[in-house]
Amino acid sequence: MSENTEAELEITKTNEDTSSNDTPGTFKALGDEMPTVVSKDHPVTFSKESDNVTIELDNHQDQSEESPLSQTNLLLASTLVCDAKNGRLSNFIPSEQCVRLYLIYHHWGLSYMLYFFIILHHGVAICEDPAVEGYHLPYWVTMCVEFACVLFYLFRLFHCASFLPVETFCRDKKNIIVFVAIVLTAIDMSCYIGLVNAGYESFAYRWSRPLRPIFMVNFSESKQIRRAFRNIRKTLPDILNVLVLFFLSISLFSLMAQKLFQKRALKYPDGKPYFDNYLDIYFQLYVLVTTANNPDVMMPAYDSNRWFALFFIAYLIICLYIFMNIFLAVVYNNYRKHLKNEVRKLVYMKRKSLAKAFDLLKVKKQGMFVIDFKRFNVLLKMIPPARSPMLVNILWYVLDTDGDNVVGKVDFLQLADLLNVTVTEVKDRRSIFDRITPECFHSKFSMSLRLLVAHKYFRYFFDLMILLNAFLIAFDISDAEWLFLALFTLEILLKMYTFGVLYFFRRFWNIFDFLVIGGAIIGTSIESFMDSSAEDKTRTLDILLVLRVLRLVKIIGGIDRFQVIVTTILNLGPSILTYGGVLIVVFYIFAIIGMELFQNKIKYFGYQNVTDPSHLYCGNPLLNGSVFYQSQYCSNNFNNILHTFVVLFELMVVNQWHVLANGFVLVTSKAARIYFFVFHLTCVIIVLNIFTAFVLEAFILEYSFCKSKLESAMEKKIIEMGLQLGRKHSPSSKGTDNDNLVIDSEDVIESSDDETSGKNSNRRSSIYPDLSEKTDIRFHLSKSKNVENLLQRMFENELDVDDVGPDDIENYEDETMRLSLNSLLK
Numbered sequence: 001m002s003e004n005t006e007a008e009l010e011i012t013k014t015n016e017d018t019s020s021n022d023t024p025g026t027f028k029a030l031g032d033e034m035p036t037v038v039s040k041d042h043p044v045t046f047s048k049e050s051d052n053v054t055i056e057l058d059n060h061q062d063q064s065e066e067s068p069l070s071q072t073n074l075l076l077a078s079t080l081v082c083d084a085k086n087g088r089l090s091n092f093i094p095s096e097q098c099v100r101l102y103l104i105y106h107h108w109g110l111s112y113m114l115y116f117f118i119i120l121h122h123g124v125a126i127c128e129d130p131a132v133e134g135y136h137l138p139y140w141v142t143m144c145v146e147f148a149c150v151l152f153y154l155f156r157l158f159h160c161a162s163f164l165p166v167e168t169f170c171r172d173k174k175n176i177i178v179f180v181a182i183v184l185t186a187i188d189m190s191c192y193i194g195l196v197n198a199g200y201e202s203f204a205y206r207w208s209r210p211l212r213p214i215f216m217v218n219f220s221e222s223k224q225i226r227r228a229f230r231n232i233r234k235t236l237p238d239i240l241n242v243l244v245l246f247f248l249s250i251s252l253f254s255l256m257a258q259k260l261f262q263k264r265a266l267k268y269p270d271g272k273p274y275f276d277n278y279l280d281i282y283f284q285l286y287v288l289v290t291t292a293n294n295p296d297v298m299m300p301a302y303d304s305n306r307w308f309a310l311f312f313i314a315y316l317i318i319c320l321y322i323f324m325n326i327f328l329a330v331v332y333n334n335y336r337k338h339l340k341n342e343v344r345k346l347v348y349m350k351r352k353s354l355a356k357a358f359d360l361l362k363v364k365k366q367g368m369f370v371i372d373f374k375r376f377n378v379l380l381k382m383i384p385p386a387r388s389p390m391l392v393n394i395l396w397y398v399l400d401t402d403g404d405n406v407v408g409k410v411d412f413l414q415l416a417d418l419l420n421v422t423v424t425e426v427k428d429r430r431s432i433f434d435r436i437t438p439e440c441f442h443s444k445f446s447m448s449l450r451l452l453v454a455h456k457y458f459r460y461f462f463d464l465m466i467l468l469n470a471f472l473i474a475f476d477i478s479d480a481e482w483l484f485l486a487l488f489t490l491e492i493l494l495k496m497y498t499f500g501v502l503y504f505f506r507r508f509w510n511i512f513d514f515l516v517i518g519g520a521i522i523g524t525s526i527e528s529f530m531d532s533s534a535e536d537k538t539r540t541l542d543i544l545l546v547l548r549v550l551r552l553v554k555i556i557g558g559i560d561r562f563q564v565i566v567t568t569i570l571n572l573g574p575s576i577l578t579y580g581g582v583l584i585v586v587f588y589i590f591a592i593i594g595m596e597l598f599q600n601k602i603k604y605f606g607y608q609n610v611t612d613p614s615h616l617y618c619g620n621p622l623l624n625g626s627v628f629y630q631s632q633y634c635s636n637n638f639n640n641i642l643h644t645f646v647v648l649f650e651l652m653v654v655n656q657w658h659v660l661a662n663g664f665v666l667v668t669s670k671a672a673r674i675y676f677f678v679f680h681l682t683c684v685i686i687v688l689n690i691f692t693a694f695v696l697e698a699f700i701l702e703y704s705f706c707k708s709k710l711e712s713a714m715e716k717k718i719i720e721m722g723l724q725l726g727r728k729h730s731p732s733s734k735g736t737d738n739d740n741l742v743i744d745s746e747d748v749i750e751s752s753d754d755e756t757s758g759k760n761s762n763r764r765s766s767i768y769p770d771l772s773e774k775t776d777i778r779f780h781l782s783k784s785k786n787v788e789n790l791l792q793r794m795f796e797n798e799l800d801v802d803d804v805g806p807d808d809i810e811n812y813e814d815e816t817m818r819l820s821l822n823s824l825l826k
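1 is the number of the first residue of the sequence shown in the UniProt record's numbering; add one for each residue after it.
As structure tokens, then:
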């Protein structure tokens, strides 16, 4: 923010009565009268407790309307509110210089630079030994790239230290881990360069490469992934007891198998001894729990004696069906507990930041500390984006629940939620066609056309066309493909005309339709230009148009019995990305280790017409006669980062993972099983079970949410004031929440607006005035909420209205969980 802008922001005493005509309840446009900056700070004292900064105003002097607000305090308050909006912990030193450094640190440009360097740093593995074919670079080039990345990490670390208290910075484990990783990377780079230049390249290993994901996880911009890892870390001690019992049960059954089968001289179909030593038996039985080698591992014993089947049946019942389900139950229970602790921390963090901001802004009126409209107005001018005077008045009116033209602490604690609601005005929702040709756009024909396009039966008609198109493709009737392409193109053009290009591309299904139909037009045009056959043109068109059938998911979402499932899947999107990031971290670590262990042990030279003896059996004669080679798995190797990721994904899917593992055991040693065992345990048993627990929690919450009303007081007030975008019916009508869910699953721009539908005539009987006709401002309230938002809402409903949590939020851990789904389901 520029100095000139800051110089215009002020708050001083005015001689006007607080009930003057400038009160926002009249929705009068704000005049030019603005407070002036006071250079003298109001007396404040700052005390640091634990990791957090507590701001305390001097209680010996009543802070009245005459008390000035300094520029520094205004900057502090606006920063605290922004942190509450964005879910950040406000633990900076409360001085103007440190706040400005803090704001620079969180600037979007530096954040995107960090993302760029993290991607670049991890992407270096493509060009390092063993490099992807055709992308190999000299080691000094990759070293220079990595050095630049490490320098930027170091800059971010010192930048962070510049605005944090020394004790807070040093106690933060993230900062310590990043610094240690930087030092170890520097040592590794120095050693590698020294060994290579000294002629000892065969002894040079980049042992710090598995540490690269540390930088992905431990910077503040990766809070979602870090939170997921923290949840996994906290869940691990609770599941160790089950894992110990699980492995002990495998040990017991392995011992029994050894005594039962070792001396019977049984053999596998390939002639190898059957269950001849304890470690092999243990590994085979562990694989059996994953069902990858069932019933193959049982057949030699079963062929010998039919009663031996009871041993394997008992083993699978105990270790697979009992222990694995107990393991999932323990994971779910503990994950749920720690997830809710994380949510409590987020809620307390938000409230504490808002409470600090309130203490900086409050004035004393009639014996109570409150915030008046003038201070609220100046505060919002410091918080982007810019807002019109009318919008500021509306926000104030929504926040002021008791209508006394001042905001108390309880109401102010809702400010972050209010500012996070998307708000638009008519000028924001105006179509580009409305701006270019308003006369034509508002003509009678245009109005009728837009009402037709906005009608639900317009959508139903094209959904029926999509279904009919899929039917014709399924039965190989291609004569009507060009007709469907023309119809779908017309639909997109009409939607763009009615709702505007900008709002059209804000919806996922609109983007999907545009890409599919646009791709079909471009693809068929190119094939026509290249003089392709009619069959090729039709095949391309079929492939692209059949993708549009996925749009029918929206219709399925409108059916009651499928609604919860579809909504859960849609709400899982952002969280799936988070756990995708967790899997990428796990994959990258194991990929780097795997390449160091197994690179060039197995190569792909093809399987037919191989004349060079060195190219037979995946380039390694030890695989002669192996199931790995017979299954033609030579492409599954660790020779570069891309091949390695494919192998790890195949291992995660579990099917045939023991065949992949045995292939690398044959070309190395049986100790290689440890690598595959640890990967399966980490990725499949722990991470994927925690993800399963997350999906379970999401479904239960969504099911509970659809059965109960979970509206905040702020949302209720917005609805009762008629300021919710897209409300087509009375909230007090007998319709259920399912109607709203269907509306929200559609384009919000296809719902009612002043341009395309009638006024919001049906409204809750309320003490609040109906402002729907007095202002064009609308709040975009969505019924769709992710798991964390639902948990936050449920937890906030259980908190006292002024509860801001403990002092040490960062290390907060509450084992007595007041938040319980049982109370919700009663």
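Ideal placement from N, C-alpha and C gives every residue a C-beta, glycine not left out. All values derive from a computational prediction rather than experimental measurement.
The ligand SAH heavy atom lying under 7 angstroms from the CB of residue i
{"i": "N636", "result": "The ligand content of the structure shown is nil, which means the ligand SAH is not present either."}
Residue from the options with nearest C-alpha to residue i
{"i": "Q608", "options": "Y629, K263, L688", "result": "Y629"}
{"i": "F203", "options": "P213, D188, M216", "result": "D188"}
{"i": "F219", "options": "N277, L157, F246, Y200", "result": "L157"}
{"i": "T568", "options": "S704, K364, L622, L472", "result": "S704"}
{"i": "K259", "options": "N377, A301, K374", "result": "A301"}
{"i": "L164", "options": "H121, A309, L101", "result": "L101"}
{"i": "N405", "options": "K374, I326, P389", "result": "K374"}
{"i": "I313", "options": "A186, L75, A257, C191", "result": "A257"}
{"i": "V516", "options": "F488, H122, G109, V501", "result": "F488"}
{"i": "L725", "options": "E425, A357, E96", "result": "E425"}
{"i": "P94", "options": "L74, I584, A671, K272", "result": "L74"}
Short Cβ contact (8 angstroms threshold) for residue i with residue j
{"i": "T682", "j": "V586", "result": "yes"}
{"i": "L485", "j": "A520", "result": "yes"}
{"i": "I225", "j": "I690", "result": "no"}
{"i": "I686", "j": "F779", "result": "no"}
{"i": "D770", "j": "G722", "result": "yes"}
{"i": "E697", "j": "L781", "result": "no"}
{"i": "M143", "j": "I193", "result": "yes"}
{"i": "F412", "j": "L346", "result": "no"}
{"i": "D372", "j": "V363", "result": "yes"}
{"i": "F369", "j": "V407", "result": "no"}
{"i": "V654", "j": "A181", "result": "no"}
{"i": "V145", "j": "L120", "result": "yes"}
{"i": "I250", "j": "Y278", "result": "no"}
{"i": "E96", "j": "T79", "result": "no"}
{"i": "V330", "j": "V242", "result": "yes"}
As assigned by DSSP and simplified to three states, the class of residue i
{"i": "V654", "result": "coil"}
{"i": "R226", "result": "helix"}
{"i": "Q362", "result": "First, the amino acid is wrong: residue 362 is Lys here, not Gln. Residue state, collapsed to three classes: coil."}
{"i": "V423", "result": "strand"}
{"i": "V684", "result": "helix"}
{"i": "R387", "result": "coil"}
{"i": "K267", "result": "strand"}
{"i": "F433", "result": "helix"}
{"i": "P273", "result": "strand"}
{"i": "W482", "result": "helix"}
Beta-ladder partner(s) of residue i, from DSSP
{"i": "I371", "result": "V407"}
{"i": "F779", "result": "V423, Q724"}
Short CB-CB distance (under 8 angstroms) between residue i and chain C
{"i": "V582", "result": "Considering every chain present, this structure includes no chain C. It has just one protein chain."}
Determine, using beta-carbon pairs with one atom in the stretch 501 to 509 and one in the stretch 461 to 480, whether at least three such pairs fall under 8 angstroms.
With fewer than three CB-CB distances shorter than 8 angstroms, the stretch 501 to 509 does not count as touching the stretch 461 to 480.
Could you tell me whether the stretch 111 to 129 touches the stretch 84 to 93, where touching means 3 or more Cβ pairs closer than 8 angstroms?
The stretch 111 to 129, when compared against the stretch 84 to 93, does not touch it at the 8 angstroms Cβ threshold.
I want to know whether the stretch 594 to 605 touches the stretch 618 to 638 - three or more CB-CB distances under 8 angstroms.
Segments in contact, yes.
Would you say the stretch 179 to 198 touches the stretch 304 to 322, given that touching needs at least three Cβ pairs under 8 angstroms?
Segments in contact, no.
How about the stretch 616 to 629 and the stretch 658 to 675: do they share at least three Cβ pairs that are nearer than 8 angstroms?
Touching, per the Cβ criterion.
Pair every Cβ in the stretch 203 to 218 with every Cβ in the stretch 175 to 186, then say whether three or more of these pairs are closer than 8 angstroms.
In short, these stretches touch, since the Cβ pair count reaches three.
Examine the Cβ distances between the stretch 328 to 337 and the stretch 266 to 274 and report whether three or more of them are shorter than 8 angstroms.
Contact between the stretch 328 to 337 and the stretch 266 to 274 is absent: fewer than 3 CB-CB pairs across the two stretches fall below 8 angstroms.
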